[in-house]
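Position in the sequence shown (from 1) plus 9 gives the number in the working numbering.
Positions of the beta carbon are idealized from the N, C-alpha and C atoms, including for glycine.
Note that the structure is predicted; figures quoted are calculated from it, not measured.
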Amino acid sequence: MIPPKPASRPDRVSLWRYLKLFRADILSAQPARLYRAWMAEFRTPFFRSYLCNDPALIDLVLKERPEDFPKSDRVREGLAPLLGRSVFVTNGTEWRHQRRIIDPAFERGRLHDTFPAMREAAVAARDRLRARAGEIVEIEAEASHAAADVIFRTLFSIPIEHEIATDVFAQFRAHQKAQPLLNLAAFLPLPRFFPRLHRRRTLATARSIRALITRLTEARMAAIRGGTAPDDLATKIMTTHDPETGRPFDTAEMVDQVAIFFLAGHETSASALAWTLYLLAAFPEVQDRVAEEVASIPDNVGFSDISRLSFTRDVFREALRLYPPVPMMVRQNLRPETLRGRDVAPAAQIVLSPWHVHRHERIWDRPDAFDPDRWQSEEGRRAARAAYLPFSAGPRVCPGAGFAMVEGPLLLAILIRDLHFATVAGHDPVPEAHLTVRSRSGIRLLVTPRDATSQLVSGLKQS
């Protein structure tokens, strides 16, 4: 069985058709040849874009000369109402200042300190799903709930049930429904006469989310001044001074950063968890191997125990390969370039696509297959070194990458230890992407208690 993959468009379509496809789904708007191409050029009367799958070009853009390939200003188009000037959209001096303050909060020592809060969120997710045992569950919604709970507990020491946390979660879901977080004008450098107006509902939900985050941030600032703040990620970030300038974040800057922490830590984590659970449901033999590995872990599993869950971690890695939460990244070149013999003028769009690189037919063995064991083979490791970037790479690698690689296996361990997930006939998910890779109509799985499932299977074998 090959996991679901979106259909590709024909090689040649009109610009109008391409823009229409792109607006509906980034992935199915691309031709199948991109799964073999090292580089592709897209020409229109208005812009040039270059999709780069060649690992050497990816290294050039992300690792060797990242300052010459900053994030495109257009990326802010769809995100600015919510994210302001967060670390996700800034460049240069401003971005470096932000990373010097943020990075220490996600060092391994701090992950150890935040692990108990992460574990509490995982147990709460298990309890919510266990209460629905025997039901067909829309798992993307549950994954979103779990990921949001992790963020609120680790960032502000409050569970998702907290009044403000609940409001932020609800408003964020409304924001997503009002408009994709990355709109067409954000991704494609269309001429200025194309409309770029945000929908009124999008602006309203963004204002609501930022107002709620401002309340949390101001309350934490007051607690820090009063000496009563908990030792969580928010306190760590808000009390860190830039070692070069001596300046910390003010409240407005912190609101921008919390907005991206919630987006990156909630939306991307939810996508990764939902697709991993789907893959485990679709491949029950793999799910059984995970269940065997995690069978003995207790609810109070320790931070050091996660490193021993090697197969569970490989399953999560493989899910991130097949369904990278952020399918494409956009940069622009500041000076004339020659890429694979092609002259590239300044300000062109340089598109890096984890989706295509992770499934590239010249790099990966059986690129569309779900095979967690590839991560223990030399061929799989070689491919990963060249072409695996679910968290980007280089100086702009996601600061929460280590956080995510603890959070994902932990949630899987707690859920799979006690619950069994099965696919539902007639409800095969179809991947599509705007900002993150989700299913077009959700992911529906049958959830049952693992002990009850085991007894049922045993009874069937005996009969």
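Handout entry: At least 3 beta-carbon pairs within less than 8 Å: the region 431-438 vs the region 314-331
Key = Result no; under three Cβ-Cβ pairs closer than 8 Å.
Problem - Contiguous beta strand (DSSP E) assignments of at least 3 residues, all confined to the region 364-443 - result: Annotation: the region 364-443 contains the following complete segments of the beta strand (DSSP E) (minimum length 3 residues), in chain order: 428-432, 440-442.
Practice task
Please look up how many angstroms separate the CB atoms of A243 and L164, rounded, as I've assumed it's under 8 Å.
Solution key: Right, their Cβ atoms sit about 5 Å apart.
Exercise for the section: Determine, using beta carbons only, whether P458 and L428 come nearer to each other than 9 Å. Expected result: A contact, by the Cβ cut-off of 9 Å.
Practice task
Using beta-carbon positions only, say whether I372 and A392 come within less than 9 Å of one another.
Solution key: Against a cut-off of 9 Å, the Cβ pair of A392 and I372 comes out as a contact.
Exercise for the section: Tell me, please, whether the region 253-266 touches the region 386-400 by the rule of three or more beta-carbon pairs shorter than 8 Å. Expected result: No, the region 253-266 does not touch the region 386-400.
Exercise for the section: Please indicate yes or no: does the CB of Y27 lie closer than 8 Å to some heavy atom of the ligand SAH? Expected result: The model on display carries no ligand, and the ligand SAH is accordingly not part of it.
Practice task
Spatial neighbours of P478 within its chain, please: CB distance less than 8 Å, with the 5 preceding and 5 following residues excluded, ordered by chain position.
Solution key: Residue coverage of the chain in this structure runs from 10 to 472, which leaves residue 478 outside it and unanswerable.
Problem - Beta-carbon proximity check, I169 vs A228, cutoff 9 Å - result: The answer is no: Cβ separation not under 9 Å.
Exercise for the section: Name the residue from L331, L329, D460, G403 whose alpha carbon lies nearest to the alpha carbon of R74. Expected result: In terms of CA proximity to R74, G403 leads the group L331, L329, D460, G403.
Problem - Supposed contact pair A157 and F178 - C-beta distance, whole angstroms, cut 8 Å - result: Distance from F178 to A157 at the Cβ level is roughly 5 Å; contact confirmed, criterion being Cβ atoms closer than 8 Å.
Practice task
Assign E302 to one of two classes, buried (16 or more other C-beta atoms within 10 Å of its C-beta) or exposed (fewer than that).
Solution key: It is buried - the Cβ of E302 has at least 16 other Cβ atoms within 10 Å.
Handout entry: N- and C-terminal bounds of the alpha helix (DSSP H) containing E149
Key = Unbroken alpha helix (DSSP H) run through E149: 148-165.
Problem - E253, DSSP secondary structure in three states - result: Coil, per DSSP.
Handout entry: 8 Å contact criterion, which T445 and E276 should meet: CB distance rounded
Key = That pair is a contact at about 5 Å.
Handout entry: Own chain residues within Cβ distance below 8 Å of G101, not counting five before or after
Key = Same-chain partners within the cutoff: E76, P79.
Handout entry: Span of the beta strand (DSSP E), counted from its first residue to its last, around V446
Key = It spans 446-448 - the beta strand (DSSP E) in which V446 sits, taken as one unbroken run.
Practice task
Report buried or exposed for E144, applying the criterion of at least 16 other Cβ atoms within 10 angstroms of its Cβ.
Solution key: The residue is exposed, with fewer than 16 neighbouring Cβ atoms inside 10 Å.
Handout entry: Alpha-carbon to alpha-carbon, P440 and P13
Key = Those two C-alpha atoms are separated by around 7 Å.
Problem - Per-residue burial, Q385 [other beta carbons within 10 Å of its own, 16 or more giving buried] - result: Label assigned to Q385: exposed.
Handout entry: At least 3 beta-carbon pairs within less than 8 Å: the region 367-382 vs the region 326-340
Key = Flag = yes, the region 367-382 and the region 326-340 touch.
Exercise for the section: Would you give the residue range spanned by the alpha helix (DSSP H) that Q107 belongs to? Expected result: Per DSSP, Q107 belongs to the alpha helix (DSSP H) from 101-111.
Handout entry: Distance between V70 and I359 (C-alpha atoms, nearest Å)
Key = Roughly 9 Å separates the two Cα atoms.
Practice task
May I have the straight-line CA-CA distance separating R105 from A131, to the nearest angstrom?
Solution key: Distance from the CA of R105 to the CA of A131, rounded to the nearest whole angstrom, comes to 33 Å.
Practice task
Find out if the Cβ-Cβ distance for the pair I218, F181 is shorter than 9 Å.
Solution key: Yes, they are a contact pair.
Handout entry: Candidates D241, A150, R224, A300: closest to A174 by CA position
Key = Per the Cα distances, R224.
Problem - Range of the contiguous beta strand (DSSP E) that encloses A130 - result: From DSSP, A130 is part of no beta strand (DSSP E) but of the alpha helix (DSSP H) over 117-139.
Handout entry: Alpha-carbon to alpha-carbon, R210 and D352
Key = Their Cα atoms are separated by approximately 42 Å.
Practice task
Specify the secondary structure class of T53 as computed by DSSP and reduced to three states.
Solution key: In the structure shown, T53 sits in coil (DSSP, three-state: anything other than H, G, I, E or B).
Problem - Three-state secondary structure assigned by DSSP to M48 - result: Strand.
Practice task
May I have the straight-line CA-CA distance separating P90 from F31, to the nearest angstrom?
Solution key: Distance between the alpha carbons of P90 and F31 is about 22 Å.
Problem - Nearest residue (CA-CA) to Y332, options D68, R57, S362 - result: Checked all of D68, R57, S362; the closest Cα to Y332 is S362.
Handout entry: Secondary structure of Y7, DSSP reduced to three states
Key = The structure shown has nothing for residue 7, since the chain only spans 10 to 472.
Handout entry: Distance, R18 Cα to P41 Cα
Key = In the sequence under discussion, the amino acid at residue 41 is Ala, which differs from the Pro named in the question. Going by the C-alpha atoms only, they are around 7 Å apart.
Handout entry: Outcome for M475 when other beta-carbon atoms lying within 10 angstroms are tallied against a minimum of 16
Key = This structure leaves residue 475 out entirely; the chain is present only between 10 and 472.
Exercise for the section: Put L28 into one of helix, strand or coil per three-state DSSP. Expected result: The three-state reading of DSSP puts L28 in helix, counting H, G and I together.
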